[in-house]
Amino acid sequence: MVPRGIPKRGYVGSKKDDGGFEMSLRSYDFMGNRCVEGGAKLKCMAVGTAGAVSADTVDNGNGTYTCSWHSEKAGKHKVQVLIGDEQVIGSPFLLELLPSEPALELTTISGSGLERVVAGEPCTICVKLVDQFGNPIPLNESLRFGLALLPAGENARRKKRKSDQYKGKWDRKQQHYEMTYLPTKTGELQLHLWYETRIEDTKRWQRTQLPGSPFTVMGASGKWHAYSSTVRVEWAEDAHDKPQIIDPNDDLPDDVPCGSMVYIRPQVKDQFGNPAPDDGNLTVEIVGPDRISKVLDVKQTADGLLAKYETLLMGMYWLDVLLNGTPVQGSPMTFKVVTGSADGGKSVVEVPKRPLYEDICYEVVLRTVDRLGNRCDRSTATVTARLLPSITGGKLPDGQSSIIEVDDMEDGTFVLDVELVSEADVKLIVTITVPGDKPQEMAAVPLRFLRTGADPSEKGELKLAVEQKKKAVADSKGDKKGAVAGAAKKAGGSAVVGADKKSVQIDASAGGSAVVGSDAGEGGARQGGSAGQVEGGA
């Protein structure tokens, strides 16, 4: 009888290849007694295989017989065991022969994802793994496949790298395994393919690269994706300046100097962050303080896409970068255009209108103006000042310092404390230095300091007037220097300081500058230069 409870399964191949299936049968007489001698006419064979399965019987001479079947064709075969012309118990039965080990030289790999892929578009690889006899090897619990799509040159670490995600299925009709994966990278890539077999009685797997792996694959970017695309916005006040980034995540809008060039650099990407063409769907739009919307031209440069905009108006700006109407990351954003950096050719030096006298400290006001003519309302530069003789080769009065003290009022104005120890004609040199730029020397401002009159009461009356004016200003402003600069700025004139601190306050309530004190004299002066302006009040 055919033994029960044992799997009727083996592998293709001959006996010498450890292939086929073999089993031992014990014979019994008609009374059910176990036979102890051979000689029975027992034979085994295959049914309807047309010679694809060979059978062999061995009489062991002790009542047992060894039957074996061999074939190069995998699958289920119907076999039988006969004694004479009668079937033994359990015969016929189905014998399953499985494929043997993979023969890599006979393995075929095909599919669209072996040469060119597009990010975001599924690709399918078909692997037909066969044994030495050409039998397809189906997927089973001891066999699995893997793949990895990597940039060219990247170390794949073939024995350790985990497989990329894919969808796999066994195609019974085509007798191959399909692996569908989603590429996410672009450029020159390498597709690594392998299969793994479980090591018997362990949880470990042994990996074998498939023939031709790795395959060289060219990856193209997918369709543009607004939420994956970004924009980088920078500004530079001068073409030679290093651009500064406008941060879209700031709670407060970034300050951009008036007259700066704003550089908008969109970066169009697909859903995986790969650079992608915009296909004409990109729009860069800006709205200025005048509420006028303007669509900017976007050009392709060696560094990518670029749109430029020159800020000529002060105030708030709104910038939108859209892909088919959808904002990219970082859009919309706002920024505020403020006064530009001080320009030596536009800035104004205001000197007192009244005559200047020796031994009295006067305040000369510098009002900085940017290159577009906007009066600066913030400190954008450092200012230094010095005195020189009015005549080339001349010299300053004995004991006279050439250095002028400069106070930055942090509102775009600078106060210069000018005092001469004796009467003389001098010129005031003002230098404006914007960080990162060369110093700008304004046109020389000629100043004439007169000798105070012989009448000793002159200084006394002047001192009294100054003290009264200073006290009134200090009471209202609380700070002498702030009051002086504030009064000068409000009046559009300047201030002179004298008395016990050698200051005289200029009264500019009439729109000009006037010395407060007796015998100060009438008249005024307006002095100017090619690189700047000097005003003495009207």
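If you're matching positions, the sequence shown starts at 2 in the numbering used here and goes up one per residue. Glycine included, every Cβ here is placed at the ideal spot set by N, Cα and C. Here the structure is a predicted model, which means the values were calculated and not measured.
| Query | Result |
| --- | --- |
| Please state whether DSSP places Lys439 in a helix, a strand or coil. | coil |
| Compute the Euclidean distance between the alpha carbons of Tyr182 and Tyr167, then round it to the nearest angstrom. | 4 Å |
| Restricting to Cα atoms, I'd like to know which of Ala277, Ser403, Gly341 is closest to Glu238. | Gly341 |
| According to DSSP, simplified to helix, strand and coil, what is Asp378? | coil |
| Please name the residue or residues paired with Ala425 in a DSSP beta bridge. | Phe450 |
| Tell me where the beta strand (DSSP E) around Cys259 begins and ends. | First-last for Cys259: undefined, no H or E at that position. |
| Give me the Cβ distance between Cys137 and Gln176, rounded to the nearest whole Å; I'm assuming they're in contact under 8 Å. | According to the sequence displayed, residue 137 carries Pro and not Cys. Between Gln176 and Pro137 the Cβ distance is about 4 Å, and since that is below 8 Å, they are a contact. |
| For a cutoff of 8 Å on Cβ pairs, would you count Ile126 as touching chain B? | Reference to chain B is not applicable here, since this structure consists of a single protein chain. |
| Got a sec? Which residues, its chain only, sit under 6 Å from Met2 by beta carbon, not counting five neighbours each side? | Val89, Ile90, Gly91 |
| Measuring alpha carbon to alpha carbon, tell me which residue in Val427, Pro328, Val435 is nearest Arg372. | Val435 |
| How many whole angstroms separate the CB atoms of Gly289 and Ala120, which I take to be in contact at a CB cut-off of 8 Å? | Not really, about 38 Å apart at Cβ, beyond 8 Å. |
| Do Tyr310 and Val339 have their beta-carbon atoms positioned less than 8 Å apart in this structure? | no |
| In chain order, which continuous runs of the beta strand (DSSP E) of length 3 or greater are located wholly inside the region 98 to 183? | 109 to 112, 117 to 119, 124 to 129, 144 to 152, 168 to 172, 177 to 182 |
| Does the Cβ of Gly20 have 16 or more other Cβ atoms within 10 Å, making it buried, or fewer, making it exposed? | buried |
| Can you name the start and end residues of the beta strand (DSSP E) that Asp344 belongs to? | No beta strand (DSSP E) contains Asp344, which DSSP labels as neither H nor E. |
| Met2 lies in the beta strand (DSSP E); which residues open and close that run? | Premise fails: Met2 is in no beta strand (DSSP E) and is neither H nor E. |
| Classify Tyr228 as buried or exposed, calling it buried when 16 or more other Cβ atoms lie within 10 Å of its own Cβ. | exposed |
| Using the Cα positions of Ile110 and Pro184, report the straight-line distance between them to the nearest angstrom. | 18 Å |
| Go through its chain and collect everything with a Cβ distance to Ala104's Cβ below 7 Å, but skip five positions before and after it. | Val131, Asp132, Gln133 |
| Counting C-beta neighbours from all protein chains within 10 Å, is the total for Glu364 16 or more, i.e. buried, or is it exposed? | buried |
| Are Phe450 and Tyr358 closer than 8 Å when you measure CB to CB? | yes |
| When burial is assigned at 16 or more other CB atoms within 10 Å of the CB, is His78 buried or exposed? | buried |
| Hey, is Glu286 close to the ligand ZN, as in C-beta under 7 Å from one of its heavy atoms? | No copy of the ligand ZN occurs in the structure displayed, which carries no ligand at all. |
| Can you tell me which of Pro123, Arg117, Glu116, Val128 puts its alpha carbon nearest to the alpha carbon of Glu106? | Val128 |
| Which whole-angstrom value is the C-beta distance of Leu367 and Ser380, which I expect to be below 8 Å? | Not confirmed; about 12 Å, so no contact. |
| In terms of residues, what are the limits of the beta strand (DSSP E) holding Arg368? | 363 to 368 |
| Run the CB neighbour count on Leu313, radius 10 Å, all protein chains shown included, and call it buried at 16 or more, exposed below. | exposed |
| Kindly indicate the opening and closing residues of the beta strand (DSSP E) around Gln210. | 206 to 210 |
| Tell me the residue span of the beta strand (DSSP E) that contains Ser55. | 54 to 60 |
| Relative to the C-alpha of Ala56, which candidate in Glu73, His226, Pro398, Ser214 has its C-alpha closest? | Glu73 |
| Could you give the distance in angstroms between the alpha-carbon of Leu96 and the alpha-carbon of Gly62? | 26 Å |
| Classify Val80 as buried or exposed, calling it buried when 16 or more other Cβ atoms lie within 10 Å of its own Cβ. | buried |
| Can you tell me whether Asp408 is helix, strand or coil according to DSSP? | strand |
| Grab the span of the beta strand (DSSP E) containing Ile200 for me, first residue to last. | Taken as a continuous stretch (DSSP letters only), Ile200 belongs to no beta strand (DSSP E), as it is neither H nor E. |
| Apply the 10 Å Cβ neighbour rule to Ser510 and answer buried if 16 or more other Cβ atoms are within range, or exposed otherwise. | Residue confidence is low: Ser510 scores 33 on pLDDT, short of 50, so the model does not pin down where it sits. No coordinate-derived value is stated. |
| Is the region 243 to 257 touching the region 196 to 211, taking contact as three or more C-beta pairs under 8 Å? | no |
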